[in-house]
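These notes concern the structure reproduced below.
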Amino acid sequence: MSWISQTLSSSIGRKLVMALTGLFLCTFLAVHMIGNLQLFKADHGLAFNEYAVLMTTNPLIKTVSYGLYFFILLHAFQGFALTLKNKKARPVAYAVSKGSANSSAASRNMALLGTVLLVFIAVHMGDFWAEYKFGHVPYTQFEQDLKTGEVKATSLGADFVMHGKKQEYLTNDNQTRVVIVKDLYEEVEEEFKNIALVAFYLLAMAAVSFHLIHGFKSAFQTLGVNHPKYNGAIQTVGIVVFGVLIPLAFAAMPVYFFLKG
Numbered sequence: 001m002s003w004i005s006q007t008l009s010s011s012i013g014r015k016l017v018m019a020l021t022g023l024f025l026c027t028f029l030a031v032h033m034i035g036n037l038q039l040f041k042a043d044h045g046l047a048f049n050e051y052a053v054l055m056t057t058n059p060l061i062k063t064v065s066y067g068l069y070f071f072i073l074l075h076a077f078q079g080f081a082l083t084l085k086n087k088k089a090r091p092v093a094y095a096v097s098k099g100s101a102n103s104s105a106a107s108r109n110m111a112l113l114g115t116v117l118l119v120f121i122a123v124h125m126g127d128f129w130a131e132y133k134f135g136h137v138p139y140t141q142f143e144q145d146l147k148t149g150e151v152k153a154t155s156l157g158a159d160f161v162m163h164g165k166k167q168e169y170l171t172n173d174n175q176t177r178v179v180i181v182k183d184l185y186e187e188v189e190e191e192f193k194n195i196a197l198v199a200f201y202l203l204a205m206a207a208v209s210f211h212l213i214h215g216f217k218s219a220f221q222t223l224g225v226n227h228p229k230y231n232g233a234i235q236t237v238g239i240v241v242f243g244v245l246i247p248l249a250f251a252a253m254p255v256y257f258f259l260k261g
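Residue numbers (the numbering used here): 1 to 261.
If you want it as structure tokens, here you go:
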């Protein structure tokens with residue numbers, strides 16, 4: 001097994017791990033963004049709350065989530081290890097440095113961007129994941145008219161107690177679907193009334209953008225996918241999808257709730 005540890009501790013091995021974990025995290029980010037778009041539905045949070053239940057109770061998704069946490073830490077550790085190794089290899093800075101001549105600002109500041117993202121993930125997990133799992137998130141009863149799709153929401157108060165995160169049934173006339181669920185949507189609404197938190201999320205999404213614009217293309221190059229036939233498409237996806245669309249979608253969420261409430 002020594003050859004595995006030697007390979008993973010080498011510069012090439014660390015870059016390979018960075019590439020693979022980075023692409024996995026890109027995939028998760030895209031899926032998570034699609035799920036979070038449920039926040040914009042005009043249903044008082046029903047769709048988003050059902051999405052939250054699925055993400056925290058489905059055995060397969062929970063297993064993938066544990067892998068996600070591990071890969072985030074591994075990606076961060078390998079990134080910092082590479083940065084330190086590069087600094088040790090050149091302890092004395094060049095007298096004249098023109099980094100912009102052969103590298104982008106994002107590539108020269110990946111460690112800084114990664115640090116901002118680590119702090120963001122910790123804050124995000126504390127505000128929502130930990131609160132949803134261990135805190136006191138209230139329950140709400142949703143009544144959905146199965147003919148019109150109209151949804152009514154009634155808060156059940158702080159004293160309501162229920163086993164599990166969701167109950168669902170149809171009324172006797174089978175015309176109304178009733179869902180009682182932990183209301184993470186309400187938690188999101190409350191959190192994003194804080195202008196400081198909204199500003200921090202916007203800063204973090206800017207860091208995500210710059211981090212992914214460089215990291216997405218770099219990951220494919222590390223894996224050997226570096227050919228004029230594919231480079232243009234890879235760079236376009238990296239910039240348009242991961243550098244612009246996904247960060248903008250995430251940034252729109254706190255702005256939407258701040259302006260809404």
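Note that beta-carbon positions come from the ideal geometry of N, C-alpha and C, so glycine has one too.
Note down, in chain order, each residue of its chain lying with its Cβ closer than 6 Å to the Cβ of residue i, except the 5 sequence neighbours on either side.
| i | result |
| --- | --- |
| Y94 | Since pLDDT at Y94 reaches only 48, below the 50 mark, its modelled position is unreliable, and the value read off the structure follows with that caveat. There are no such residues. |
| L223 | A19 |
| S97 | Unreliable placement is indicated for S97, whose pLDDT of 49 sits below 50; no coordinate value is reported for it. |
| G243 | S209, L212 and I213 |
| K166 | V53 and V181 |
| A249 | M33 |
| L113 | A207, F210 and H211 |
| A153 | H44, T140 and F142 |
| L39 | F48 and M253 |
| Q78 | R14, V17 and M18 |
| G149 | none |
Looking only at C-alpha atoms, which of the options sits nearest to residue i?
| i | options | result |
| --- | --- | --- |
| V181 | E143, F242 and T83 | E143 |
| D262 | H136, Q175, F200 and T57 | Coverage of the chain is limited to positions 1 through 261, which leaves residue 262 absent and any answer about it impossible. |
| A42 | I61, Y185, S11 and G22 | Y185 |
| A81 | M125, K15, Y66 and G35 | K15 |
| G22 | V119, L118 and A76 | A76 |
| V276 | Y256, V151 and E50 | Residue numbering for the chain in the displayed model covers 1 to 261; residue 276 lies beyond these limits and cannot be assessed. |
| S218 | A204, T63, G238 and F120 | G238 |
| G164 | T57, S11 and A111 | T57 |
Please list, in chain order, all residues of the same chain as residue i whose beta carbon is under 7 Å from its beta carbon, the five residues on each side excluded.
| i | result |
| --- | --- |
| K193 | F258 and G261 |
Given residue i, which residues of its chain have a CB within under 8 Å of its CB, disregarding the five upstream and five downstream residues?
| i | result |
| --- | --- |
| I195 | F258 |
| Q175 | D145, L146 and K147 |
| M55 | G35, I61 and S65 |
| L117 | A204, A207, V208 and H211 |
| I121 | I72 |
Since residue i and residue j should fall inside the 8 Å C-beta cutoff, what is the C-beta to C-beta distance between them, to a whole number of angstroms?
| i | j | result |
| --- | --- | --- |
| C26 | F220 | With 8 Å as the limit, C26 and F220 do not qualify as a contact, their Cβ atoms being about 11 Å apart. |
| E187 | E131 | 6 Å |
| A251 | L202 | 5 Å |
| D183 | P138 | 6 Å |
| E168 | V161 | Between V161 and E168 the Cβ distance is about 18 Å, and since that is not below 8 Å, they are no contact. |
| F24 | F71 | 6 Å |
Beta strand (DSSP E) segments (min. 3 residues) lying fully within the region 143–187: 151–155, 166–170 and 176–182
Uninterrupted beta strand (DSSP E) stretches inside the region 221–248 (no shorter than 3 residues): none
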